[in-house]
Structure formats: structure tokens, C-alpha cells
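Asks: This is the structure, below, for whatever I ask next.
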Amino acid sequence: MDINMILSAPATATISGRCLRGPSLNSSILLSGHASSQLLHYNNNNNNKHIVSSFHKINNNLTVDNWKMDAPAAAAAELRSRFIRLLKTRRSPTADVQLQTQPAKPVKDPLYQGAPPPKHSEAMESCPKVDIPNFNELLEEENLYITTEEGEQGRLPVLILSLKESSNIKRPAVVFLHSTNKCKEWVRPLLEAYASRGYITVAIDSRYHGERAKTVTTYEDALVSSWKRGDTMPFIFDTVWDLVKLADYLTGRDDIDHSRIGITGESLGGMHAWFAAFLDTRYSVVVPIIGVQGFRWAIDNDKWQARVDSIKSVFEQARADLGKNAIDKEVVEKVWDRIAPGLASEFDSNYTVPLIAPRPLLMLQGEITFLRILLIQNIFMDALYFVEFKDITWQTVSNT
């Protein structure tokens, strides 16, 4: 199969199987796959090759035995290799530290950036818990820090909820990722809902959010600094580094079924889920919610405004620095190239989303957040418990 055909495959596709529609939901739903325990490997003549497992096994001179792999696997390995090298360009040579954890305390007063501080939305509260007597007494909460690299932002705050179990049965895990200006505590209602169904549920603070922020402008300040100095990648990419380290930690736990680790997120969290799953095949089910877009397409078709408005301060700074009277597509492209190199080119969705296959993927791009959250509940649970998807079907589903 031609490599270019693989890398330019449609970024929105769905698998045969159950598909839900909701009113006023313009959405491309569900994708595809073959979920198996060999999620870390591509199989070629029974000779499995590790593509991505941990940064501990990947160095700046990563090479892959492409001659032993078929063209799609070789292309996937090369694109992942380039992305890893990009992540390493803005890190110190000693950034790849040994995995370490430290205990943490529950956060009583979470920091939400932007104003006013939000309350849990109806969507977050809408995923019902199983009616379990004494649920709060049975709920086990873990708070910890994972060291993902040197420096202040290298301490990853993690919140884990699960039901106390007397058996030693390995359980599936789901990682929930928050949106811009929020934090791990924001998704707690979803953690509790899935924990009540037997999942080990996980949330983190993304870079410059939650416990990793000091003020209500920490994230915006980091974006502007990245534009000015070009020494960090606070938009999407740096948190992807953390999510690979998180996968290291989760696959090291004896109570988690390592072949069933799902990842989902809303908006910024959806982009984190998308890129983490592209890079690290240990995430076996992927659900980006309003998180996947074509950055190049948005620039070329003058549809970049909504994303720009969500982090407008960095674009305003770039506009001023470039001597422009208004933000235009040139400003937008220069900002993306600076703070997230390749986001509007080689790492855009049309190249990276297809590499999530053959793992199950659900992409939700609808108009009403409440309905998007409701739709993921049963589909995501079914996907994690499915042993195998045998028949792959590409299709686009919409309801206008």
C-alpha cells in the first residue's frame, strides 16, 4: 500500500457497529479498529516491532528497522519519530527523567483561569452514577505527582478514583482531560460516574493549569512566552509528553488491564487525547470531544477565528510584534509554527488521526456540549469492553 495514501487518509471515519445520533448534533461519529492486547506493536510476519512505548526507550537518534516493516507501519513509525524529536528539541538533554511518584493532597480550592470561576456544567453532572449504597465510603481517591521531566512544569498532578475492590481483577482505566482554563477537579463528576461502573478513572492538570498554575493568567502568559522565546510548547505538545509518562505509570500498576486504557477530553483536552493516542499506542480507545480540527484547512479557508479566540492574547501579541492592525491568517500561521511547530503541516489531523487506527476512535464535533457528553457514555464503555473489532468500515455520519 502506498505510504502517501495512508498518511493522507480521511481524518474523520467511523467503524461499522453502533452509531448514535442526537438532535441538533452535527457530528462525525465513531471509527474503527481491532482492539487487542498487542496494542504496543505492529505485526509483520509475526515479528512484532515496538513503535512507541516510552520515552525511556527513545533517544534523539531514533531509528526503526523499516525494511522489516510494511509501508504503513514504517510511515507511522517515521511520523511518530519526527514528533518525538520535535518534543525533545525544546527540552534539556536530561529532561527524560526516571519515572517517580510522590503523594499529594486533595485540592480543596481548585484554580480556574479566566473569569468568573465556572461551576460544574449540566453536561459534567449528566453522566449518572450507578446506584451503589455507601458509594462515597466505597470510593477510593488517590492524589499524586508524577515527575515527567526536570523543572517546575515537570511535576504532573494526578487524581485517580476507583471503587475499593477485594479481588485482584485487573480493571480498565479511562483518562479524562479538561478543557482550557480548567483543571482535573472539573471532570470529577465523570470520574465518579465511571468509577461507579468499575473503571479506574484518571485526570491530570495539563501544563500551566490547575496545580501547575500560580495565577489566573498563567496559561496565557506561557503561550505569549512561547511566542516570544520559542523555548516551550504549552499548546498541546508539552502535555502530550506528560501523557506518555502517564501511560508509563498506568501500565506499571497491577490493578489496571494494560490493554484497556482509554483516553478522552473536551476541547483542549480532546486535542491532548488525539495527539497522545497518535503518539502512544498504549491508549487503546480514544474519544476526542470537539477536539479534532484541520489547522491547515482552517487557515486556508479563513475558519480559524473560534480557536484563536480561545487563546487570543498570544495572537494579539503576535499581531503587535508583526506590525499588523488586525489578526489575519498570516499571524495565525506564524503563531502555530512558533508555539506548536508542525501543527498546521506534518502533524495536522489528516496525517496524525489516521495513525490512531486500528484502535477504536470516537470523534464528536457537535453543536451542543450537553449532548456530546451524553453520547460518549455507552459507546466508550462498550468500546473498552470489546475484545475485537473485526470489520473496519469507513463512513461519515451526520445529522443536520
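Each residue of the sequence shown is one higher than the one before, starting from 303 at the first, in the working numbering.
All C-beta atoms, glycine included, are put in the ideal place defined by N, C-alpha and C.
#1: Can you name the start and end residues of the alpha helix (DSSP H) that residue 521 belongs to?
#2: Taking all protein chains shown into account, do 16 or more other C-beta atoms lie within 10 angstroms of the C-beta of residue 484, making it buried, or fewer, making it exposed?
#3: Rounded to whole angstroms, what is the Cα-Cα separation between residue 478 and residue 531?
#4: CA-CA distance, residue 573 and residue 587?
#5: Any idea what DSSP makes of residue 426, helix, strand or coil?
#6: Given that a residue counts as buried once 16 or more other Cβ atoms are within 10 Å of its Cβ, and exposed if not, what is residue 650?
#7: Is DSSP giving residue 443 helix, strand or coil here?
#8: Residue 415: buried (16+ other C-beta within 10 angstroms of its C-beta) or exposed?
#9: Hey, how far is the Cα of residue 295 from the Cα of residue 497?
#10: If you draw a straight line from the C-alpha of residue 630 to the C-alpha of residue 444, how long is it?
#11: Let me know the secondary structure DSSP gives residue 554 once reduced to three states.
#12: When burial is assigned at 16 or more other CB atoms within 10 Å of the CB, is residue 569 buried or exposed?
#13: Of the residues 660, 429, 557, 437, which one's Cα is nearest the Cα of residue 375?
#14: Identify which residue in 641, 612, 506, 646 has its Cα closest to the Cα of residue 488.
#15: Does residue 486 pass the burial test, meaning 16 or more other C-beta atoms within 10 Å, or should it be called exposed?
#16: Between residue 601 and residue 646, is the Cβ-Cβ spacing less than 8 Å?
#17: State the DSSP-derived secondary structure class of residue 571, mapped to helix, strand or coil.
#18: With distances taken from CA atoms, which of 407, 644, 450 is nearest residue 549?
#19: In whole angstroms, what separates the C-alpha of residue 431 from that of residue 654?
#20: Considering only C-alpha positions, which residue in the set 624, 634, 495 is nearest to residue 613?
#21: Assuming residue 442 contacts residue 465 under a Cβ cut-off of 8 Å, what Cβ separation, rounded to an integer in Å, is found between them?
#22: According to DSSP, is residue 564 helix, strand or coil?
#23: According to DSSP, is residue 656 helix, strand or coil?
#24: Are the CB atoms of residue 565 and residue 578 within a distance shorter than 8 Å?
#25: Out of 642, 446, 510, point me to the one whose CA is closest to residue 453's CA.
#26: Kindly list the residues whose CB is nearer than 7 Å to the CB of residue 535, restricted to its own chain and excluding five residues on each side of it in sequence; keep chain order.
#27: Could you give the distance in angstroms between the alpha-carbon of residue 493 and the alpha-carbon of residue 514?
#28: How far does the alpha helix (DSSP H) with residue 641 in it extend, from its first residue to its last?
#29: Considering Cα atoms alone, identify which of 595, 446, 557, 666 is closest to residue 470.
#30: Please state whether the Cβ-Cβ distance between residue 504 and residue 546 is less than 8 Å.
#31: In chain order, what residues of the same chain have a beta carbon less than 6 Å from the beta carbon of residue 518, not counting five sequence neighbours either side?
#32: Which of the three DSSP states is assigned to residue 579 in this structure?
#33: Straight-line CA distance for residue 580 to residue 389?
#34: Could you name the residues of the same chain whose beta carbon sits closer than 7 Å to that of residue 637, not counting the 5 residues immediately before and after it, in chain order?
Replies: Short version:
#1: Walking along the sequence shown from the start, residue 521 turns up at place 219. Here the alpha helix (DSSP H) through residue 521 covers 520 to 531.
#2: Translated into positions along the sequence shown, residue 484 becomes position 182. Buried, by the Cβ-count rule.
#3: Mapped onto the sequence shown, residue 478 falls at position 176. Mapped onto the sequence shown, residue 531 falls at position 229. Those two C-alpha atoms are separated by around 31 Å.
#4: To locate residue 573, count along the sequence shown from 1; it is residue 271. To locate residue 587, count along the sequence shown from 1; it is residue 285. Going from the Cα of residue 573 to the Cα of residue 587 covers about 14 Å.
#5: As a position in the sequence shown, residue 426 is number 124, starting the count at 1. Residue 426: helix per DSSP, three-state reduction.
#6: By 1-based counting over the sequence shown, the position of residue 650 is 348. Buried: at least 16 other Cβ atoms inside 10 Å.
#7: For the purposes of this step, residue 443 is taken as residue 141 along the sequence shown, with counting starting at 1. DSSP places residue 443 in strand when its eight states are reduced to three.
#8: The residue labelled residue 415 in the question sits at position 113 within the sequence shown. It counts as buried.
#9: Coverage of the chain is limited to positions 303 through 702, which leaves residue 295 absent and any answer about it impossible.
#10: Here residue 630 is taken as the residue at index 328 of the sequence shown, counted from 1. Here residue 444 is taken as the residue at index 142 of the sequence shown, counted from 1. Approximately 45 Å, taken between the alpha carbons.
#11: Here residue 554 is taken as the residue at index 252 of the sequence shown, counted from 1. Three-state result, residue 554: coil.
#12: The residue you call residue 569 lines up with position 267 of the sequence shown. That one is buried.
#13: Position 73 of the sequence shown, counted from the first residue, corresponds to residue 375. Considering only alpha carbons, the answer is 660.
#14: Taking the first residue of the sequence shown as 1, we reach residue 488 at position 186. For the residues 641, 612, 506, 646, the minimum Cα distance to residue 488 belongs to 506.
#15: Counting from 1 along the sequence shown, the entry for residue 486 is found at position 184. Result: buried.
#16: Within the sequence shown, the letter at position 299 stands for residue 601. Within the sequence shown, the letter at position 344 stands for residue 646. Contact: yes.
#17: As a position in the sequence shown, residue 571 is number 269, starting the count at 1. Reduced to three states, the DSSP call for residue 571 is helix.
#18: The residue labelled residue 549 in the question sits at position 247 within the sequence shown. When each option's Cα is compared against that of residue 549, the closest is 450.
#19: As a working note, residue 431 is residue 129 in the sequence shown. As a working note, residue 654 is residue 352 in the sequence shown. Distance between the alpha carbons of residue 431 and residue 654: 34 Å.
#20: For the purposes of this step, residue 613 is identified with residue 311 of the sequence shown, where counting begins at 1. Checking every option, the nearest Cα to that of residue 613 belongs to 634.
#21: Residue 442 sits at position 140 when you count from the first residue of the sequence shown. Residue 465 sits at position 163 when you count from the first residue of the sequence shown. That pair is a contact at about 7 Å.
#22: On the sequence shown, position 262 is the one that residue 564 refers to. DSSP places residue 564 in strand when its eight states are reduced to three.
#23: The count along the sequence shown starts at 1 and reaches residue 656 at position 354. Reduced to three states, the DSSP call for residue 656 is helix.
#24: Within the sequence shown, the letter at position 276 stands for residue 578. Within the sequence shown, the letter at position 263 stands for residue 565. Contact flag set, yes.
#25: To locate residue 453, count along the sequence shown from 1; it is residue 151. Considering only alpha carbons, the answer is 510.
#26: Here residue 535 refers to the residue found at position 233 when the sequence shown is read from its first residue. Correct list, in chain order: 392, 528, 641, 642.
#27: Locating residue 493 in the sequence shown gives position 191, counting from the first residue. Locating residue 514 in the sequence shown gives position 212, counting from the first residue. So the alpha carbons of these two residues sit roughly 20 Å apart.
#28: For this step, residue 641 is matched to residue 339 along the sequence shown. Its alpha helix (DSSP H) spans residues 631 to 641.
#29: Translated into the one-based positions of the sequence shown, residue 470 becomes position 168. Looking at the Cα atoms, 557 is the closest of the given residues.
#30: In the sequence shown, the residue the question calls residue 504 occupies position 202. In the sequence shown, the residue the question calls residue 546 occupies position 244. No, the Cβ-Cβ distance between residue 504 and residue 546 is not below 8 Å.
#31: Walking along the sequence shown from the start, residue 518 turns up at place 216. For residue 518, where only same-chain residues beyond five positions count, the Cβ hits under 6 Å are 415.
#32: Reading the sequence shown from its first residue, position 277 is the one you call residue 579. In the structure shown, residue 579 sits in a helix (DSSP, three-state: H, G or I).
#33: As a working mapping, residue 580 is identified with position 278 in the sequence shown. As a working mapping, residue 389 is identified with position 87 in the sequence shown. One C-alpha to the other measures close to 14 Å.
#34: To locate residue 637, count along the sequence shown from 1; it is residue 335. Around residue 637: 529, 616, 617, 620.
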